[in-house]
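*Asks:* So that we are looking at the same thing, I have put the structure below in structure tokens.
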Ligand SMILES: Cc1cc2nc3c(=O)[nH]c(=O)nc-3n(C[C@H](O)[C@H](O)[C@H](O)COP(=O)(O)OP(=O)(O)OC[C@H]3O[C@@H](n4cnc5c(N)ncnc54)[C@H](O)[C@@H]3O)c2cc1C
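In my numbering, the protein residues as written are 11 to 520.
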């Protein structure tokens, strides 16, 4: 039975109502469902519609956080890096980073010391450690300006951020959670031992009421508004909104390595190989006072990011080279730091209850990297409200599509290609990366590309679109082209309109 209809019909009463379908909401819903709680997750828009699809897409310890003495965060993040790599080897993979030493900025001894610490804080080491590199002779130095003569190389990981969110939602559903997208929580109040919440279907405007013993407020940039407004609770914990933007340009350099570039303002900027033919450049840190919601890059941010590249690479870029950009708002815990870059990236979980009942747990801050551990901590904090909760379980559990022998992606891809030789090499690679072992569910018994139905740009087929609609809550062309995939970078307006028409036809027939 298709998953969208396979999930339990929404009922009226749950243990836990999770507000928000970003990485933290879906991670908590997954963990809670696996521990035996009945869970309803409500997301107002699409899964990962906001911050969780706007990140730099790194599973990293955060080398620069060492400068702020965030050792706890870095150690936890590095441990998670190893774990997540095993749990989702299709959407997470290792990256080597080249860090040039830049005369007049941080001295070489400081970089060496930082990397030494970084390597040692990552106790379990499956990734290669750091080393110094002569940029005059190494291929890593070829695209860089000749003034950069020495540097270092170290490891971190890449993550397909919005896909990681969807995988957590799918796993939560597999374990019994009800996941409703395009469903806002418009109000909630304490009643008896729990909560009564009003949910609104954002497409039809219809409202319904549900009960829950406890609420998780994982509303990201809306966490404070949800706490004070929707839930009517006064709390001292506050969110600090910091906007960050990225630009995408045609590929700037050959090779699989990324670059981490120091800037005179002490910030660092990444230049990362992206979607095979592009380079992703980011990010900025701009204090944000407006209403949370869709945000976009400013001309000043674009100029700044172009300038960062032009300081280090031989190839010069201008705003005219930007083929795509995206922005997001970090919902950080307000630790009263003066500088936007210095605000803690660690998370704070705030629990409010009423006489030991009707708890609400709010998530402030955090990183995609630490979402699994954050979820574990969140459920631990809710334990007093749910005696009989099963023990933590996500430490070794793979995410949907991630069950590959020895977490070996290349062997899995070779096997898929051997099973389905008609798939063009690039389509096989893309499907394996996006869906892992679940790619087989899309291809099914097809023996040719024609068997996969209508074709859209970038190798997208009707079979894949149907899978995304039925299994992954995709509703619009944007959900598919910019969050379930990044095929938007290769899709013509004509193909996007055909996709919309196809989705409309399917929705009418449903
Ligand atoms: C520029 C930038 C770069 C970053 N880079 C990295 C990185 O490289 N690595 C890393 O680990 N982390 C990174 N992060 C941090 C990471 O992206 C965030 O910490 C994380 O995505 C926050 O997830 P969230 O679930 O808390 O919030 P969100 O993803 O914003 O999810 C909150 C959701 O709640 C929903 N919602 C709000 N109110 C309601 C309501 N009333 N009813 C229903 N739904 C509601 C919203 O629609 C939204 O989808 C970066 C962040 C930014 C902005």
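The beta-carbon is built from N, C-alpha and C at its ideal position, and this holds for glycine as well.
As the structure is a computational prediction, the values presented were derived from the model and not from experiment.
1. Check this for me: beta carbons of residue 354 and residue 385, under 8 Å apart or not?
2. For a test of your reading of the model: does the CB of residue 188 fall under 7 Å from any non-hydrogen atom of ligand 1? Yes or no.
3. Can you name, in chain order, every residue of its own chain whose Cβ lies under 7 Å from the Cβ of residue 30, other than the five neighbours on each side?
4. When the distance is taken between beta carbons, is residue 453 closer than 8 Å to residue 509?
5. Measuring CA to CA, which of 367, 115 and 333 is closest to residue 393?
6. Can you find the residues in the same chain that come closer than 8 Å, C-beta to C-beta, to residue 191, ignoring five residues on each side of it along the sequence?
7. Mapping the DSSP letters down to three states, classify residue 427 as helix, strand or coil.
8. Hey, would you say the C-beta of residue 228 is under 7 Å away from at least one heavy atom of ligand 1?
9. Are the beta-carbon atoms of residue 343 and residue 256 separated by less than 8 Å?
10. Using the Cα positions of residue 1 and residue 440, report the straight-line distance between them to the nearest angstrom.
11. Is the beta carbon of residue 108 sitting closer than 8 Å to the one on residue 150?
12. Spatial neighbours of residue 235 within its chain, please: C-beta separation below 8 Å, excluding the five flanking residues on both sides.
13. Which of the three DSSP states, helix, strand or coil, is assigned to residue 142?
14. With respect to 7 Å, is the separation between the Cβ of residue 395 and the closest non-hydrogen atom of ligand 1 below this value?
15. Do you know how far the Cα of residue 487 is from the Cα of residue 305?
16. I need the straight-line Cα distance from residue 242 to residue 86, nearest angstrom please.
17. Return the CA-CA distance between residue 40 and residue 377, expressed in angstroms with no decimal places.
18. For residue 323, which residues does DSSP report across the bridge?
19. Looking only at C-alpha atoms, which of 339, 411, 129 and 187 sits nearest to residue 23?
20. Looking at the strands, I want to know which residues DSSP matches up with residue 104.
21. Can residue 240 be considered in contact with ligand 1, in the sense that its beta carbon sits closer than 7 Å to one or more heavy atoms?
22. How should residue 120 be labelled, buried or exposed, when 16 other C-beta atoms within 10 angstroms of its C-beta is the threshold for buried?
23. Roughly how far, in whole angstroms, is the beta-carbon of residue 409 from the beta-carbon of residue 88, given that I think they are within contact range, below 8 Å?
24. Short of 6 Å in beta carbon distance, which residues of its chain neighbour residue 307, apart from the five on each side in sequence? Order them along the chain.
25. Measure the alpha-carbon distance for residue 116 versus residue 156 and round it to whole angstroms.
26. Taking contact to mean 3 or more Cβ pairs, one atom from each stretch, closer than 8 Å, check whether the region 62-69 and the region 196-209 are in contact.
27. Please specify which runs of the beta strand (DSSP E), each continuous and at least 3 residues long, are wholly inside the region 23-66, giving them in chain order.
*Replies:* Checking against the coordinates, here is how it stands:
1. no
2. no
3. 53, 228, 229 and 230
4. no
5. Nearest option by C-alpha distance: 367.
6. 31, 53, 55, 56, 57, 483 and 485
7. helix
8. In this structure, the C-beta of residue 228 approaches ligand 1 to less than 7 Å from one of its heavy atoms.
9. no
10. An answer regarding residue 1 cannot be provided, because it is not within the stretch 11 to 520 covered by the chain.
11. A contact, by the Cβ cut-off of 8 Å.
12. Once the five neighbours on either side are set aside, the close Cβ partners of residue 235 are 229 and 302.
13. strand
14. no
15. 20 Å
16. 33 Å
17. 17 Å
18. 154
19. 187
20. 167
21. yes
22. It is exposed - the Cβ of residue 120 has fewer than 16 other Cβ atoms within 10 Å.
23. Actually they are not in contact, since the Cβ atoms of residue 409 and residue 88 sit about 19 Å apart, beyond 8 Å.
24. 255, 335 and 337
25. 18 Å
26. no
27. Entirely contained in the region 23-66, the beta strand (DSSP E) runs reaching 3 residues are, in chain order, 23-29 and 49-52.
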